[in-house]
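Here is the structure we will look at, set down as structure tokens.
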Amino acid sequence: MFELAEVLGAQVGASRAAVDAGFVEHERQVGQTGVTVRPKLYIACGISGAVQHRAGMDQSAQIISINTDISAPINNIADFTIVGNVADVIPKMIKFYKKNSK
Ligand SMILES: Cc1cc2nc3c(=O)[nH]c(=O)nc-3n(C[C@H](O)[C@H](O)[C@H](O)COP(=O)(O)OP(=O)(O)OC[C@H]3O[C@@H](n4cnc5c(N)ncnc54)[C@H](O)[C@@H]3O)c2cc1C
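Using this note's numbering, the first residue of the sequence shown is number 8, and each one after it goes up by one.
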């Protein structure tokens, strides 16, 4: 996640589940009890799309969801959905972006 953010010039946000699991600090939590963000592009990596999370990001201009579960609620608000494992998809995105950006 952090490598993808670096190549895109982006920031990493997180769900409360990720914060509670100790993956990232609370300052990065997006949602009802975190921060509200409205980026041009929000890439939801393994985010189910709970209402408390959506409250902090559903005004993003474009939303891409990467999720193994096609029926995840986040996909209802995503502009684009990639059905797959983030561990497979993210390295491909990084590779593609590096190859195709100047
Ligand atoms: C009062 C209250 C306040 C809350 N405030 C917040 C808040 O501010 N922010 C917040 O985020 N939540 C908040 N929550 C919690 C919220 O209800 C959800 O529990 C939380 O958002 C779920 O996080 P998640 O989507 O990361 O995890 P999960 O619900 O566990 O979903 C994980 C998703 O990832 C997918 N997945 C799993 N493994 C992979 C993989 N390898 N590749 C791709 N996809 C995968 C699954 O299919 C699933 O859709 C709050 C809850 C309450 C009650």
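Here a beta-carbon is modelled for each residue, glycine too, at the ideal position from N, C-alpha and C.
- Whole-Å CB distance - G91 paired with T75, under 8 Å assumed: For the purposes of this step, residue 91 is identified with residue 84 of the sequence shown, where counting begins at 1. For the purposes of this step, residue 75 is identified with residue 68 of the sequence shown, where counting begins at 1. About 7 Å; that satisfies the 8 Å criterion.
- Query: Which residue from R45, N83, T88 and P80 puts its Cα closest to that of A68?
  - Reply: One-based indexing of the sequence shown puts residue 68 at position 61. Nearest C-alpha to A68: R45.
- I77 classed as buried or exposed, judged by whether at least 16 other C-beta atoms fall within 10 angstroms: Position 70 of the sequence shown, counting from 1, holds the residue named residue 77. So I77 ends up on the exposed side.
- With distances taken from CA atoms, which of V96, A62, K47 and V14 is nearest K109? Here residue 109 refers to the residue found at position 102 of the sequence shown. Per the Cα distances, V14.
- Query: With 16 other CB atoms within 10 Å as the buried threshold, where does G29 fall?
  - Reply: For the purposes of this step, residue 29 is taken as the residue at position 22 of the sequence shown. That one is exposed.
- Query: Excluding sequence positions up to five away, which residues of its chain have a Cβ less than 6 Å from the Cβ of R23?
  - Reply: For this step, residue 23 is matched to residue 16 along the sequence shown. Around R23: Q36.
- Item | Per DSSP, cross-strand counterpart(s) of Y49 | Residue numbering aside, residue 49 sits at position 42 when the sequence shown is read from its first letter. Residue pairing of Y49 in beta bridges, as defined by DSSP: I70.
- Query: Quick one: what's got a C-beta closer than 6 Å to Y104's C-beta in the same chain, skipping five residues either side?
  - Reply: As a working mapping, residue 104 is identified with position 97 in the sequence shown. Answer for Y104: V14, listed in chain order.
- Mind checking which residues open and close the beta strand (DSSP E) that includes F30? Residue mapping note: residue 30 aligns to position 23 of the sequence shown, counting from 1. Looking at the DSSP string, F30 is not in any beta strand (DSSP E), and its letter there is neither H nor E.
- Task: Within its chain, find whatever has a CB closer than 6 Å to the CB of F87; leave out the 5 residues flanking it on each side and keep chain order.
- Result: Residue 87 sits at position 80 when you count from the first residue of the sequence shown. Cβ within range, chain order: I71.
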